[in-house]
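In the numbering used here, the protein residues as written are 25 to 257.
Structural data, given as structure tokens:
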């Protein structure tokens, strides 16, 4: 609910006050958000890959990262998760009475893929459901407020409707994670945090340098990360 409210408020702020922000202001704000997300992802990934032994820093989990990301991305591309969101955007465009708004779908899909499909939504909701830790979702709320405000300025009101899939997705993931908590070993949670942090890093890449990575289609990597904890090795 917190994240959803942040997105709605960001959309309203962009719609009513967006004219006060020049293009260079919008660009700088987006870049600042992206850099923040990059370091959040880096910090989480390093925590999972680096260990200190006898006063020396060593790295590991390279094989886990490579296999999970490769298999997860392959499955995601086959399913085409981003394509599913585009079709949902077309349906929502009609149902919300914005059929004549030629920019609605692009605005909705772009915003949704940024704030909803972004790994912070999945990882944050899982941590909330399993650990009761909503710190990632709180950080994401602030980021999403700024991002949606900026996007609404340039793309239109369709951005604010990304609050709908965010509410549905994060709510379902949180409930599902709380139900799975009793059967997930610590190793599965550690793997999830590691791969999730790398996906968060990819979200930051897209925010800073434009859409370079189809992060939505990489989300199945989280499933492989959890499954790897149950392998007899």
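Ideal Cβ placement from N, Cα and C applies to all residues, glycine included.
Around the beta carbon of residue 213, 16 or more other beta carbons sit within 10 angstroms, so the residue counts as buried. Taking a C-beta distance under 7 angstroms as the contact criterion, residue 28 and residue 190 qualify as a contact pair. Between residue 139 and residue 157, the beta carbon gap of about 20 angstroms keeps them out of contact (Cβ cut-off 8 angstroms). According to DSSP, residue pairing for residue 253 in a beta bridge does not occur. Taking the Cα of residue 99 as reference, the smallest distance to any Cα among 209, 256, 199, 246 is reached at 246.
Approximately 6 angstroms separates the beta-carbon atoms of residue 68 and residue 217; this is inside 8 angstroms, confirming the contact. Taking a C-beta distance under 7 angstroms as the contact criterion, residue 211 and residue 253 qualify as a contact pair. Taking C-beta atoms as the reference points, residue 135 and residue 186 count as a pair closer than 7 angstroms.
Looking at the backbone, the Cα of residue 70 and that of residue 118 are separated by about 44 angstroms. Remark: C-beta atoms of residue 65 and residue 224 approach each other more closely than 7 angstroms.
Judged by beta-carbon spacing, residue 60 lies beyond the 7 angstroms limit of residue 74, meaning their Cβ atoms are not closer than that value.
Between the alpha carbons of residue 106 and residue 198 lies a gap of roughly 21 angstroms.
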